[in-house]
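Residue numbering for the sequence shown follows my numbering, starting at 2 and increasing by one per position. Just below is one structure, and these are the notes that go with it.
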Amino acid sequence: MKTSAIIGMLLVGLFTFGSSISLAADQSVVQQLLQVEKGTGPQAVSIVRDPNEVGKPVGKRGPETLKFTLEVQEVLGILDAAAKTTYTYWTFNGKVPGPMLRARVGDTIEITLKNNKGNSMIHNIDLHAVWGQGGGAALTNVAPGEEKSFVFKAMNPGLYVYHCATPIIPQHIASGMYGMILIEPEGGLPKVDKEFYVMQGDMYTEESKDPEKYFSLHDLMEEQPSHVVMNGSAGALAANPMKVKVGDNVRIFFGVGGPNLTSSFHAIGTIFDKVWAEGNTGAPELNVQTTSVPPGGSTIVEFNARVPAKYILVDHALTRLLKGNVAIIQAEGDAIPDLFRAGKVK
Ligand SMILES: [Cu+2]
């Protein structure tokens, strides 16, 4: 099936809010198809980070010493399940984004970066939460088979992006090497019912009929992405929605790996009750429809899932939806007709 046909199905489904949205096929089914078609070649895997993987909240504890190990894995991953395309991703721990690291202001943090022996490239890590040269990049340049560590003290609370900063830096980012580290304030963030971890990225692949897509330096330089993705793979978080119950307070840790596009982050069918703009942990903005998140930036948003719906996360530069950039939070529960119903006022 042509990509345009799939996009058509996707759009009709999303904007009519039908109960049976036609979205990308189940990832595992597509994975099997890919394996059959590719014969004896490498098998494509899902590189989609589970958005429920948000790390352990720090709570009321005092400062501690934490150790995080990140392993660079270069893997053939599913780029677009519906279009049955693959791409060789460069990842932190095999998924996009890399793991959400969670710490407290005042913590002493040891970061170890391992570069797997079978990899082809040098990699490193630059964390925006770090005071120090290159955010740690200079201390973590690792060739395949190497590992290096450094230690920093978390001085500023907030939600920070990390990424690989090895030349060509935007190629490493576009290929999946980004994630976030949350430095919680003293006392931790207030408890909510559900937290999710979602990141947007733009990808640049060459035009070809081959199901395996390759990086396009030309399109990167032109800043013309072929794909825009949430958690690494086109449409993946729409095919497998995040689940909440009506009445839940929902928090999203949202970041943009980029490398190039700023997200006009919006959730169709809801209003952000609170937005901590640019991932700060001070006073939130209230009642926000769309918030701007630059590459290498983040936001923390919260809303109460007041009514049952499929809340659709997008970049409101909606052409990017056609390139795969969509996620769904499905709120299940009884209708709340006082807030939303069909028909006229009686
Ligand atoms: Cu890298």
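Glycine is no exception: its CB is placed at the ideal position from the N, C-alpha and C atoms.
{"Item": "From Asp51, Gly256, Val308 and Ala328, residue whose alpha carbon lies closest to that of isoleucine 337", "Value": "Val308"}
{"Item": "Per DSSP, cross-strand counterpart(s) of lysine 57", "Value": "Beta-bridge pairing links lysine 57 to no other residue."}
{"Item": "Residues surrounding ligand 1 [beta-carbon distance to nearest heavy atom under 5 angstroms]", "Value": "His124, Cys165, Thr167, His173 and Met178"}
{"Item": "Short Cβ contact (8 angstroms threshold) for tyrosine 198 with valine 49", "Value": "no"}
{"Item": "Valine 257 versus threonine 300 - alpha carbon distance", "Value": "9 angstroms"}
{"Item": "Those residues which DSSP pairs with arginine 103 across a bridge", "Value": "Leu183"}
{"Item": "Bridge partners - isoleucine 330, DSSP secondary structure assignment", "Value": "Met243 and Tyr312"}
{"Item": "Distance, leucine 262 Cα to alanine 343 Cα", "Value": "37 angstroms"}
{"Item": "Best match in Glu148, Val294 and Val73 for proximity to tryptophan 277 [C-alpha to C-alpha]", "Value": "Val294"}
{"Item": "Span of the alpha helix (DSSP H), counted from its first residue to its last, around aspartate 220", "Value": "218–223"}
{"Item": "Classification of arginine 252 by the beta-carbon crowding that lies within 10 angstroms, buried from 16 upward", "Value": "buried"}
{"Item": "Residue from Thr291, Ala130, Gln331 and Asp220 with nearest C-alpha to glutamate 185", "Value": "Ala130"}
{"Item": "Closest Cα partner of arginine 62 within the set Pro100, Ala82, Asp108 and Pro212", "Value": "Asp108"}
{"Item": "Under 8 angstroms between C-beta atoms of isoleucine 330 and methionine 200", "Value": "no"}
{"Item": "Candidates Gln44, Thr206 and Pro145: closest to serine 121 by CA position", "Value": "Pro145"}
{"Item": "Beta carbon of alanine 166 nearer than 8 angstroms to that of aspartate 203", "Value": "no"}
{"Item": "Range of the contiguous beta strand (DSSP E) that encloses histidine 267", "Value": "264–269"}
{"Item": "Residue environment, threonine 87, which counts as buried when at least 16 other CB atoms sit within 10 Å", "Value": "buried"}
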